[in-house]
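The opening position of the first sequence corresponds to residue 1 in this note's numbering, with each subsequent residue numbered one higher. Note that beta-carbon positions come from the ideal geometry of N, C-alpha and C, so glycine has one too. Since this is a predicted model, take the numbers as computed values, not measurements. A short worksheet on the structure shown next.
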Amino acid sequence: MQAMKFQCPRGTRDFYPPAMAVRSWIFDLWKQVSLRNGFEEYDGPIFESLDLYRVKSGDEIVSELFHFCDRGDREFAIRPEMTPTIARMVAAQANGLARPVKWFSMPRLCRAERPQRGRLREFFQWNIDILGEDSVLADAECIFVAADFFQATGLTYEQFYIKVNSRALLAAILQRGEFDEACLPAVYAALDKRDKVSADAFAKIVSELNLPTEQADTLISLGDAKGDEGLTTVRKLVAGHEVGEAKLAEIEHLFELLTAMGVGDCCRFDMGVVRGLAYYTGVVFEAFGKGGLQRAICGGGRYDNLLREVGGPPMSGTGFATSDVVIEDVLKEFGALPGYEPVLDFFVIDADADLFDTVLSLSAKLRRLGFATGFSYKRQAVGKQFKQAANKRAARVVIVETNTREADIVSVKDMATGVQKNISISSLLNAPTQLLA
RNA sequence: GUGGGCGUAGCUCAGUUGGUGGAGCACCAGGUUGUGGUCCUGGGGGUCGCGGGUUCAAGUCCCGUCGUCCACCCCA
């Protein structure tokens, strides 16, 4: 093979038409689900000041960003996530925006990571955010939107579920257990690993934290705190603790809301969901496919301090994000991706080369009526033109034939059913798609 | 940043103990002189990722390099 000098850069994808069709299908669903849940679309620049990301994550994040300087030595980075951008945008107009702010976006993001399954260096992410609403109702609505999307893709409750937890509740439990502040990050990290390892491995991770026996036991039981039984476990752990009881009541209320919205059955309490260590302050959740890929396919939660941290006004927020890469992965696993749809409504062919003018004029008219219409560039046998029509996945073929000249009649054939009828051009143009119904 | 697998036609892959490269699909062109996606025939296209080494001879063995996939780290 002639060595191709250029290929798409590591971790990026070329979207040839079949792949682009899948991407568009996912985007259309994202948008449709967002809009019907009352979210408005926004977007920002594809690069931001490097400092915007430093503020939140510190200097070490820079090595995982694609960053550059302009000719004035100003530092920028291609956006690796959307949250700083929406925080910046909302902060800038905070006083003028009606609350709650319900926004969504489908940004292209880049991260300078080593690619692996479900993680590329360039990808698209669907972001859903509600800002300016403290009530757990906003969290419930976000979880509902996630469930709504997965069902819209065709997945069932047999194929996905959503784990829900509260970091505020977890913090209260640890506070009551008198866990040392300093070891909290390690405790969070350990819990977050719970579902990725066996019970034994988890016990080992816990023992390596060198916690007092009582605290280690608490942590083990938290790791197993799932579903209604898990809530019972937690109820005992927070009994008599004011904040803990309040946070427990809050998450119980959340589940009541989810049940009322009809998605309670795909949601499950799970203390093992902690999510990163970054900025989550309250409810956190992750969606999972029930197949072989044990990987979160969507995640989010409440971030009540973030706007203030990026220099904005104190304003609460909650939301989630998921990427096109993991969505495609999980849908492929369940065979839920769509086939390649027909791209043409009509393909117009001529039975005789000197009828080509009619092919052109009829095609143009159909196109102006909004129908995707094609024709062969070459004057060749009807069979060859049919072959092209099939190849272009045309839904119908219009045959311009000898009696078209005198009688204005064409044949229209439905390629799926094989049904073919003679009709006048004028009636074809009056009701182009209903003729064969 | 660390570790492992793989790199042969546009795609998916064969290639036997080293002896001057194949299939299916796709693409293009013909055949049946007005009907396709599921017929028949033919064709184009690869210095076997790249570089070096061993050998009379390397797709095949060795080293390096680049690419890619997977896992770890990390995960906004």
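Is the beta carbon of residue 412 sitting closer than 7 Å to the one on residue 393? In the first sequence, the residue the question calls residue 412 occupies position 412. In the first sequence, the residue the question calls residue 393 occupies position 393. In this structure, residue 393 does not lie closer than 7 Å to residue 412 by Cβ.
Between residue 389 and residue 259, what straight-line distance do the alpha-carbon atoms span, to the nearest angstrom? Here residue 389 is taken as the residue at index 389 of the first sequence, counted from 1. Here residue 259 is taken as the residue at index 259 of the first sequence, counted from 1. Rounded to whole angstroms, residue 389 to residue 259 spans 50 Å at the Cα level.
N-terminal and C-terminal residue of the beta strand (DSSP E) that residue 137 is part of: Taking the first residue of the first sequence as 1, we reach residue 137 at position 137. Per DSSP, residue 137 belongs to no beta strand (DSSP E); it is in the alpha helix (DSSP H), 136-152.
Check this for me: beta carbons of residue 78 and residue 124, under 7 Å apart or not? In the first sequence, residue 78 corresponds to position 78, counting from 1. In the first sequence, residue 124 corresponds to position 124, counting from 1. Contact: no.
Helix, strand or coil, according to DSSP, for residue 319 in the structure here? Taking the first sequence and counting its residues from 1, one reaches residue 319 at position 319. Here residue 319 carries a strand assignment [DSSP, helix/strand/coil].
Contact under 7 Å by Cβ, residue 248 with residue 173: Counted from its first residue, the first sequence places residue 248 at position 248. Counted from its first residue, the first sequence places residue 173 at position 173. No, the Cβ-Cβ distance between residue 248 and residue 173 is not below 7 Å.
Indicate the three-state DSSP secondary structure (helix, strand or coil) for residue 162 in the structure shown. Taking the first residue of the first sequence as position 1, residue 162 is located at position 162. Three-state DSSP puts residue 162 in a strand.
Taking Cβ to Cβ, would you say residue 222 is nearer than 7 Å to residue 87? Walking along the first sequence from the start, residue 222 turns up at place 222. Walking along the first sequence from the start, residue 87 turns up at place 87. No, the pair does not count as a contact, with Cβ atoms beyond the cut-off.
Per the contact definition of three or more C-beta pairs closer than 8 Å, is the segment 111-131 in contact with the segment 323-340? The segment 323-340 is in contact with the segment 111-131.
Residue 253 - DSSP class collapsed to helix/strand/coil: As a position in the first sequence, residue 253 is number 253, starting the count at 1. Three-state DSSP puts residue 253 in a helix.
What residue range does the beta strand (DSSP E) around residue 413 cover? For the purposes of this step, residue 413 is identified with residue 413 of the first sequence, where counting begins at 1. Note, residue 413: beta strand (DSSP E), 409-414.
Under 7 Å between C-beta atoms of residue 152 and residue 29: In the first sequence, residue 152 corresponds to position 152, counting from 1. In the first sequence, residue 29 corresponds to position 29, counting from 1. With a cutoff of 7 Å on beta-carbon distance, residue 152 and residue 29 are scored as near each other.
When the Cα atoms are used, what is the spatial distance from residue 344 to residue 421? Reading the first sequence from its first residue, position 344 is the one you call residue 344. Reading the first sequence from its first residue, position 421 is the one you call residue 421. Per the coordinates, the alpha-carbon of residue 344 lies some 19 Å from the alpha-carbon of residue 421.
State the DSSP-derived secondary structure class of residue 243, mapped to helix, strand or coil. The residue labelled residue 243 in the question sits at position 243 within the first sequence. Residue 243 falls in the helix class under three-state DSSP.
Look at the alpha carbon of residue 256 and the alpha carbon of residue 432, and state the distance between them as a whole number of angstroms. What you label residue 256 is simply residue 256 of the first sequence in a count that begins at 1. What you label residue 432 is simply residue 432 of the first sequence in a count that begins at 1. Each residue's Cα considered, the two are about 50 Å apart.
When burial is assigned at 16 or more other CB atoms within 10 Å of the CB, is residue 418 buried or exposed? Counting from one through the first sequence, the residue named residue 418 turns up at place 418. Label assigned to residue 418: exposed.
Selection from 352, 430, 409, 325 that minimises the alpha carbon distance to residue 108: Translated into positions along the first sequence, residue 108 becomes position 108. Measuring from the Cα of residue 108, the nearest candidate turns out to be 325.
Residue 118 - DSSP class collapsed to helix/strand/coil: Here residue 118 is taken as the residue at index 118 of the first sequence, counted from 1. In the structure shown, residue 118 sits in coil (DSSP, three-state: anything other than H, G, I, E or B).
Buried or exposed for residue 263, please, with buried defined as at least 16 other CB atoms from any protein chain shown within 10 angstroms of its CB. Counting from one through the first sequence, the residue named residue 263 turns up at place 263. When all chains shown are included, residue 263 counts as buried.
Go ahead and pull the three-state DSSP assignment for residue 275. For this step, residue 275 is matched to residue 275 along the first sequence. Coil, per DSSP.
Once you ignore the five residues that flank residue 2 on each side, which residues in its own chain have a CB closer than 8 Å to its CB? Counting from one through the first sequence, the residue named residue 2 turns up at place 2. Residue confidence for residue 2 is low, a pLDDT of 39 falling below 50, so the modelled location carries little weight and cannot support an answer.
Let me know the beta strand (DSSP E) ranges lying completely inside the segment 335-392, each 3 residues or longer, listed in chain order. Counting only runs of 3 or more, we get 344-350, 373-375.
Following the continuous alpha helix (DSSP H) through residue 332, name the residue where it begins and the one where it ends. Position 332 of the first sequence, counted from the first residue, corresponds to residue 332. First-last of the alpha helix (DSSP H) with residue 332: 324-333.
What does the alpha-carbon distance come out to for the pair residue 241 and residue 338? Translated into the one-based positions of the first sequence, residue 241 becomes position 241. Translated into the one-based positions of the first sequence, residue 338 becomes position 338. So the alpha carbons of these two residues sit roughly 51 Å apart.
Secondary structure at residue 421, three-state DSSP: helix, strand or coil? Translated into positions along the first sequence, residue 421 becomes position 421. It is a strand residue.
Reduced DSSP secondary structure (H/G/I, E/B, other) of residue 198: Taking the first sequence and counting its residues from 1, the one referred to as residue 198 is at position 198. The answer is coil: DSSP assigns residue 198 none of H, G, I, E or B.
So which of 378, 289, 39, 341 has the shortest CA-CA distance to residue 154? Mapped onto the first sequence, residue 154 falls at position 154. For the residues 378, 289, 39, 341, the minimum Cα distance to residue 154 belongs to 289.
Boundaries of the alpha helix (DSSP H) in which residue 220 is found, first to last residue: Stepping through the first sequence from its first residue, residue 220 is reached at position 220. Where residue 220 is concerned, the enclosing alpha helix (DSSP H) stretches over 213-223.
Residue burial classification, residue 146 (beta-carbon count within 10 angstroms, cutoff 16): In the first sequence, the residue the question calls residue 146 occupies position 146. Classification for residue 146: buried.
So who's on the other strand from residue 396, going by DSSP bridges? Within the first sequence, residue 396 is the residue found at index 396, counting from 1. For residue 396, which the question treats as bridged, DSSP gives the partners 346, 414.
Do residue 140 and residue 35 count as a contact pair if the criterion is CB distance below 7 Å? Translated into the one-based positions of the first sequence, residue 35 becomes position 35. Translated into the one-based positions of the first sequence, residue 140 becomes position 140. Contact flag unset, no.
Which residues does DSSP list as the beta-bridge partners of residue 69? By 1-based counting over the first sequence, the position of residue 69 is 69. The bridge partners DSSP lists for residue 69 are 75.
By Cβ distance below 8 Å, which residues in the same chain neighbour residue 181 in space, the five residues on each side in sequence not counted? To locate residue 181, count along the first sequence from 1; it is residue 181. Closer than 8 Å at Cβ, skipping near neighbours: no residue.
So if DSSP puts residue 127 in a beta bridge, which residue, or which two residues, is it bridged to? Within the first sequence, residue 127 is the residue found at index 127, counting from 1. Within the DSSP bridge table, the entry for residue 127 names 105, 321 as partners.
Determine the DSSP secondary structure at residue 23, reduced to helix, strand or coil. Start at 1 with the first residue of the first sequence, and residue 23 comes out as number 23. It is helical.
Would you kindly check if the distance between the Cβ of residue 366 and the Cβ of residue 346 is under 7 Å? Reading the first sequence from its first residue, position 346 is the one you call residue 346. Reading the first sequence from its first residue, position 366 is the one you call residue 366. Residue 366 is positioned such that its CB atom lies closer than 7 Å to that of residue 346.
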